[in-house]
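First up is the structure itself, then whatever we jot down about it.
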């Protein structure tokens with residue numbers, strides 16, 4: 001038995017215990033528990049290669065695990081197999097301030113990296129909210145609130161070490177800022193959700209901590225004026241570091257959760273990075289757009305405490321909404337459209353949610369055209385759950401109709417598989433061809449992202 | 454005969470004439486003429502698909518052609534076949550100012566696009582110097598002087614239409630600013646040099662024309678102080694739009710070519726984009742670094758004429774050097790290293806060139822760690838040519854030793870094929886696997902970039 005061989009190799013770092021299996025069969029979203037057959041905690045790239053050679057020989061599925069915060073069932077085990085938990089590969093291997101890069105193992109979390117970087121004057125900008133592992137963030141091409149300024153994981157991963165299905169270890173990219181030497185394997189593995197290989201090391205681009213940061217909040221009389229403010233701001237070229245939309249239902253949740261004391265209308269939360277003069281110039285220019293669009297006073301601050309309070313609240317949006325609707329069965333959504341279609345997409349979504357009579361607070365990284373409705377049907381009402389699923393499907397169709405994408409940042413996993421053909425057409429076949437080329441036995445995270453021949 | 458069938462289909466837009474074949478068998482660099490068997494000028498994606506279906510059936514090589522300005526022999530025809538010249542697919546299909554994107558056919562040149570965009574307040578930032586076609590720029594992952602601020606083609610292509618070897622037409626990406634729906638096929642085709650498919654449409658990210666631009670020039674007593682200025686500037690986070698290094702030999706060429714009247718020592722040419730206050734702040738901060746490093750007065754201007762004169766001269770660097778050494782056999786080079794190794798890499802290169810006694814002016818996009826030596830051995834001295842080739846090889850090895858890449862922006866083509874294994878190791882095998890998966894018959898630009906099984 002291949003599992004026995006792995007048990008012999010990894011000893012106490014191999015488990016088939018029910019509680020470990022259950023823990024690694026859960027996600028933070030609405031999927032049922034689907035546990036793997038075993039969990040292994042490797043400590044080196046060589047050990048990951050050993051696992052893959054064994055699993056290839058025995059045709060056992062292999063699923064990577066970071067912190068379990070993905071939202072589309074990426075790390076569930078619908079075909080059983082071995083879950084490779086990277087939590088013991090959590091070393092920051094090298095920080096090169098002069099090259100503005102860091103080399104890390106995949107189990108390092110973004111907060112751990114940023115804590116380590118504090119003294120260097122640099123930071124890693126991608127911020128999906130959850131304190132996810134950097135390996136998981138690369139595997140799902142994560143983004144979040146700061147992507148409007150610094151890009152997604154696509155832009156911030158410079159190089160990778162990857163173990164392929166057959167146990168071969170490859171390196172992609174280099175430490176140079178750019179290259180034109182052949183196929184962009186780094187970009188191919190970023191976002192591949194563990195279906196082509198397991199990431200065992202990442203070289204990440206870092207950013208200089210801005211000299212000055214200002215952040216603030218402003219209320220709008222309605223959704224349309226808030227969204228129009230976003231569109232005008234982006235088009236005017238003000239270099240926003242963050243620009244987040246929060247609807248009235250979310251504000252209600254924040255008021256209950258964090259005693260935010262906000263007026264219960266749509267809001268924007270924004271942040272500016274730059275020189276002291278620069279952020280003031282940007283804040284004023286933004287304030288003028290807000291006023292022209294009929295928004296309330298734009299209150300901003302350069303104080304770190306104020307800013308931390310603001311973004312902590314924003315990042316807890318999911319928990320705030322869960323707390324306000326404790327009996328709900330939460331269904332996350334995540335669509336992204338061209339900015340020119342944002343107002344239409346948000347407004348149609350809000351109208352449909354209102355018509356369905358289900359709580360569905362909307363928030364999003366609207367500077368990128370990306371927003372989420374958190375659909376909250378009652379857990380004990382199957383007809384509400386069915387309605388919520390229909391709303392999610394309608395959002396995905398709306399994204400495609402608007403020239404956008406069914407997943408701005410949450411990825412495909414199991415949850416969005418049904419939309420891949422509609423979004424990519426023959427391109428999805430090509431993804432299947434690439435998958436089969438690199439994983440002919442289909443052992444890498446099967447049942448996710450791609451359909452294999 | 455498959456060629457006869459194509460002749461019947463394309464009539465006057467098909468040629469086997471000697472002059473057309475010769476024209477499409479040449480490049481701007483040192484490769485000998487290697488003509489294709491025929492040239493076709495398609496006008497639609499459907500016609501490109503027809504060509505590929507025919508060529509697949511008859512196993513005829515297919516080579517894409519933009520403007521012929523690539524430097525590593527990308528478009529030569531070492532195995533004969535059909536050259537697909539995209540010059541008649543040169544329409545700008547759609548400009549969406551509110552989404553800051555443009556949809557173009559591959560034969561549109563970057564200057565034609567920017568001329569069209571003038572009235573919109575937007576521009577396409579990637580600037581490799583040559584007035585290349587946008588399809589060719591995507592296929593080679595081009596960059597140039599502005600990549601330090603706006604990124605390479607990797608960052609500026611949002612979506613593609615591609616015709617595969619078997620004639621299937623796929624679309625990659627969407628018009629949304631970001632997506633996490635599956636493998637990044639856009640990134641896979643950008644930089645694939647026509648070996649995986651032919652690009653028939655591109656959706657490009659545009660940038661807002663900066664409110665203010667300042668540009669300037671400063672002299673340094675030696676190479677070390679110029680390069681240290683670059684490193685300090687990048688690390689200080691000043692958002693340079695361009696920062697170019699020019700050595701003393703290049704200055705001599707510019708003085709002869711453009712009556713530049715510069716002191717014959719190393720120089721930096723820089724540009725800043727931003728608000729009027731922002732560019733002044735940046736120019737001053739840069740001037741202070743220059744002074745601290747012992748550089749001469751930093752002269753900068755916000756006048757368009759001054760700036761255009763500066764960058765026209767820079768872009769003509771190749772021709773200026775050719776004019777100063779008219780009897781040379783020019784060999785271009787292109788390495789890119791981490792910024793921390795830039796001083797070492799440039800100085801070692803300069804020393805080796807001086808020791809070889811061959812003209813070899815150095816210039817480069819040093820903000821990205823990328824530089825070129827234009828090696829100019831005498832055309833009629835084979836021993837000098839051999840020495841120059843040895844210098845180029847030594848530069849490539851130096852790039853790898855410094856953790857960099859053998860091609861920052863010129864690509865692989867035929868010229869750098871010999872370094873792919875050294876740079877990518879088993880990753881190069883993976884590229885071969887992907888190539889075989891998408892082009893099992895090996896008809897797409899054979900003999901370039903990848904080794905096929």
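Residue numbers (the working numbering), protein chains in the order written: chain A, 1 to 453; chain B, 454 to 906. Even for Gly, the Cβ is constructed at its ideal location relative to N, Cα and C.
- Interface residue (Cβ-Cβ distance to chain A less than 8 Å): residue 869 (chain B) is classified as such.
- A Cβ-Cβ distance of about 33 Å is found for the pair residue 629 (chain B) and residue 121 (chain A), leaving them out of contact under the 8 Å criterion.
- Looking at the backbone, the Cα of residue 686 (chain B) and that of residue 742 (chain B) are separated by about 7 Å.
- Take residue 294 (chain A), set aside five residues on each side of it, and the residues of its chain with a beta-carbon closer than 8 Å to its own are 220, 221 and 225, in chain order.
- Unbroken beta strand (DSSP E) runs of no fewer than 3 residues, entirely contained in the region 588-636 of chain B, are found at 610-617 and 622-626, following chain order.
- Of the residues assessed, residue 303 (chain A) falls on the exposed side of the cut-off, its CB having fewer than 16 other CB atoms within 10 angstroms.
- DSSP places residue 414 (chain A) outside both helix and strand once states are collapsed to three, so it counts as coil.
- If you draw a straight line from the Cα of residue 645 (chain B) to the Cα of residue 785 (chain B), it is about 21 Å long.
- Inclusion of residue 653 (chain B) and residue 729 (chain B) in the CB contact set at 8 Å is not warranted, their separation being larger than that value.
- By the CB criterion at 8 Å, residue 875 (chain B) and residue 814 (chain B) fall outside the cutoff.
- Residue 792 (chain B) belongs to the set of residues whose beta carbon lies under 8 Å from a beta carbon in chain A.
- Per DSSP, reduced to three states, the secondary structure at residue 759 (chain B) is helical.
- Look at residue 177 (chain A): its C-beta is under 8 Å from a C-beta on chain B.
- Every alpha helix (DSSP H) of 4 residues or more that sits fully in the region 682-716 of chain B is shown, in chain order, as 701-711.
- For residue 222 (chain A), not one C-beta of chain B is nearer than 8 Å to its own C-beta.
- Within 10 angstroms of the beta-carbon of residue 765 (chain B) lie fewer than 16 other beta-carbons, which makes it exposed.
- Annotation for residue 301 (chain A): the continuous beta strand (DSSP E) segment containing it runs 299-301.
- The alpha-carbon separation between residue 426 (chain A) and residue 335 (chain A) amounts to approximately 21 Å.
- It is roughly 19 Å from the alpha-carbon of residue 731 (chain B) to the alpha-carbon of residue 759 (chain B).
- Judged by DSSP secondary structure, residue 567 (chain B) falls within the alpha helix (DSSP H) whose first and last residues are 563-570.
- Put simply, of A:444, A:344, A:398 and A:450 the residue whose alpha carbon is nearest the alpha carbon of residue 48 (chain A) is A:444.
- For the set A:70, A:434, A:238 and A:207, the Cα lying nearest the Cα of residue 662 (chain B) is the one of A:238.
- In the structure shown, residue 461 (chain B) adopts helical secondary structure according to DSSP, grouped into three states.
- For the region 613-643 of chain B, the beta-carbon criterion of a distance under 8 Å to any beta-carbon of chain A is satisfied by 617, 621, 622, 623, 624, 625, 627, 628, 629, 630, 631, 632, 633, 634, 635, 636, 637, 638, 640, 641 and 643.
- Residue 467 (chain B) is bridged by DSSP to B:493.
- Taken in chain order, the members of the region 850-864 of chain B whose beta-carbon sits within less than 7 Å of a beta-carbon on chain A are 856, 857, 858, 859, 860, 861, 862, 863 and 864.
- The C-beta of residue 372 (chain A) has 16 or more other C-beta atoms within 10 Å across all chains shown, which makes the residue buried.
- In this structure, the straight-line span from the alpha carbon of residue 169 (chain A) to that of residue 188 (chain A) is close to 15 Å.
- Residues of the same chain with a CB within less than 8 Å of the CB of residue 207 (chain A), apart from the 5 flanking positions on each side, are 100, 122, 123, 124, 125 and 150 in chain order.
- The beta-carbon of residue 757 (chain B) is placed no less than 8 Å from the nearest beta-carbon of chain A.
- Here the region 334-353 of chain A makes no contact with the region 156-170 of chain A; the two share fewer than three CB pairs at distances below 8 Å.
- Flagged as an interface residue toward chain B: residue 438 (chain A), by a C-beta distance shorter than 8 Å.
- In summary, residue 568 (chain B) is exposed, with fewer than 16 beta-carbon neighbours lying within 10 Å of its beta-carbon over all protein chains present.
- Annotation note: the region 45-104 of chain A contains the following uninterrupted beta strand (DSSP E) runs of length 3 or greater, listed N- to C-terminal: 62-65, 82-85, 92-96 and 101-104.
- Looking at A:22, A:140 and A:103, the one whose alpha-carbon comes closest to that of residue 69 (chain A) is A:140.
- By the beta-carbon neighbour count (other beta carbons within 10 angstroms, threshold 16), residue 818 (chain B) is buried.
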